[in-house]
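Have a look at the structure below, then the notes.
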Amino acid sequence: MKHSKKIKPVAWIVVLCLFSNLLMSCGTLTVEKQKDASVKPYVAVITKSTTSQYWKTTFAGVNAAGSEYNLKVTIDGPANEEDYSLQNEMVKSAVDNGADAIVFSAVDYNANAEAIDEAVDKGVKVVVIDSDVNSDKVSCRISTDNYKAGQMVGEAVLAGDEEELRVGIVNFDKNSDNGQQRERGFRDSVADNERVTIVSAVNVNSTTEEAMAATVAMLEENPQINIIVTFNEWTSLGVGYAVQKMNAAEDVRVVAFDSNVVSVGMLETGEVDALIVQNPYAMGYLGVEYAWMLINGEKLKETNIDTTTTLITRENMLEPDNQKVLFPFQ
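In case it helps, this note's numbering puts the sequence shown at residues 7 to 336.
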C-alpha cells in the first residue's frame, strides 16, 4: 500500500515564509502605488528674473493655475535678466528634482537652447512664456506677439503731430528674442514714412540704471531727438527717469513698454507718453495650465498662443477697461 508523501515541518515553514513575503510584497506595492498617486505633478517655473512688477503679475497667474489644477509649483529665476548660465543650472536642477514640466522664459535665445533640449530629452515637457528659446522641442509657446507689439509702438509714434520724428531707440539685451522682435516690428512699421529718421539706437543690460545712463548720453549727444522708444519695464523706467532728470518732457515724446506704479505715474506727469501693456497674468496662468495638459497627455489645440496687448496713453488711461489693464488686482 502506497503512503502519501508527508511534507516535513521545515518545508512547511519555508512555504509559509515565502507566501508571507509575497503578501507583504504585494501590500508594499499597493501602498507605494497609492503613495505615488497622491503625489502632485511638479511644474517648475523658471523666468528671466523675479523682481519686477511684470514678473510678480506673471507669478500671480502661475499660482492661481497651480492651485486650480492641484500642482506642485516652484518659481525661480536669476537676479538679473542677463544671467543665462544660472538659468541653465536652474533647468538642470528642476530636471534632477523630478519636474514633470518646465514653464520657461529665456534670457538668451541661443544660449539657453541646449539646456532646454536636454530637459526634453529626459522626458520633461517644456512650455515657453514671454521670451522664446531656439529649440524645436518646446511643446507650446505663450507670449505677446512681439513683432506686432513693436508695430504698435510705431503706430503710436506716427500718431504724433510732429513734422519730423527724430527717433532714439533704447532696447535691452540683444540676445533676448522678444526685445529684438519688438524693435524689428517698430522699424518695419516706420521704415517707409518720410517723417521718421532713426538717429541713434543702443542696447543695454536690462536695468533701470543702465537705461537711464544710456538715455542721458543719447540725448546729450543728439539733442535733435524728439522721440524715444523702449521695449521693457526696466528700460522704460530708465528712459523716464532720464527725461525727468533732463527736464525734457516737453521736448521728447516717449513710447514705452509694460506698467507699474512708477511708470503709470510718469504717464500722468508727462515723462512717458504711451505704454504698450502686456498681459503677464495670462502668460503665467496659461503657461501652467498648458503644462498640466501636457503632463496629462492631452493634445493641444494650439501651440502658439498670443496674449493680449493694449496701447495706453494719457488720453485713455482713465477708461475703466484700461484701468483694469494698468491695475489688474484692484
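We put the CB at the ideal spot given by N, CA and C, even for glycine.
Local Cβ density within 10 Å of residue i, reported as buried at 16 or more and exposed below that
i, result
"L273", "buried"
"Q230", "exposed"
"T57", "exposed"
"G246", "buried"
"R259", "buried"
"D198", "exposed"
"R147", "buried"
"T63", "buried"
"F192", "buried"
"N118", "buried"
"G271", "exposed"
"F65", "buried"
"E200", "exposed"
"K46", "exposed"
"T275", "exposed"
"D327", "exposed"
"K251", "exposed"
"K131", "buried"
"G129", "exposed"
"D279", "buried"
"L324", "exposed"
"F178", "buried"
"N94", "buried"
"N228", "exposed"
"L281", "buried"
"N302", "exposed"
"N116", "exposed"
"T241", "buried"
"Q257", "Correcting the residue identity first, residue 257 is Asp in this sequence and not Gln. It is exposed - the Cβ of D257 has fewer than 16 other Cβ atoms within 10 Å."
"L306", "exposed"
"D194", "exposed"
"N322", "exposed"
"S31", "Note that S31 scores a pLDDT of 41, beneath 50, so its modelled location is shaky; the value from the coordinates is reported in the next line. By the 10 Å Cβ count, S31 comes out exposed."
"T340", "Because the chain in this structure spans residues 7 to 336, residue 340 falls outside the shown range and cannot be described."
"N310", "exposed"
Residue i - containing alpha helix (DSSP H), residue span
i, result
"F65", "59 to 74"
"L306", "From DSSP, L306 is part of no alpha helix (DSSP H); its letter is neither H nor E."
"N310", "No alpha helix (DSSP H) contains N310, which is instead part of the beta strand (DSSP E) from 310 to 313."
"N328", "326 to 332"
DSSP beta-bridge partners of residue i
i, result
"K131", "A107"
"D82", "I52"
"A100", "Beta-bridge pairing links A100 to no other residue."
"F263", "I282"
Residue span of the beta strand (DSSP E) that contains residue i, given as start and end
i, result
"S149", "146 to 150"
"A281", "Residue identity differs from the one stated: residue 281 is Leu in this sequence, not Ala. Looking at the DSSP string, the run of the beta strand (DSSP E) that includes L281 is 280 to 283."
"L317", "316 to 319"
Chain B contact for residue i (CB, 7 Å cutoff)
i, result
"L324", "Of the protein chains in the structure, only one exists, and it is not chain B."
- Three-pair Cβ contact test at 8 Å for the stretch 159 to 179 versus the stretch 206 to 213: yes
- Length at least 4, wholly inside the stretch 169 to 256: the alpha helix (DSSP H) runs in chain order: 183 to 196, 214 to 227, 239 to 251
- Three or more C-beta pairs closer than 8 Å, one from the stretch 48 to 56 and one from the stretch 98 to 113: is that the case here? yes
- Message: Check whether the stretch 250 to 265 and the stretch 231 to 239 touch, using three or more Cβ-Cβ pairs below 8 Å as the test.
- Response: yes
- Message: Assess contact between the stretch 119 to 129 and the stretch 152 to 165, defined as three or more Cβ pairs (one per stretch) separated by less than 8 Å. Is contact present?
- Response: no
- Query: Counting Cβ pairs closer than 8 Å, one from the stretch 141 to 152 and one from the stretch 77 to 86, do we hit at least three?
  - Reply: no
- Item | Inter-stretch contact at 8 Å, needing at least 3 Cβ pairs: the stretch 161 to 168 / the stretch 212 to 227 | no
- Query: Do three or more CB pairs link the stretch 286 to 298 to the stretch 61 to 79 at distances below 8 Å?
  - Reply: yes
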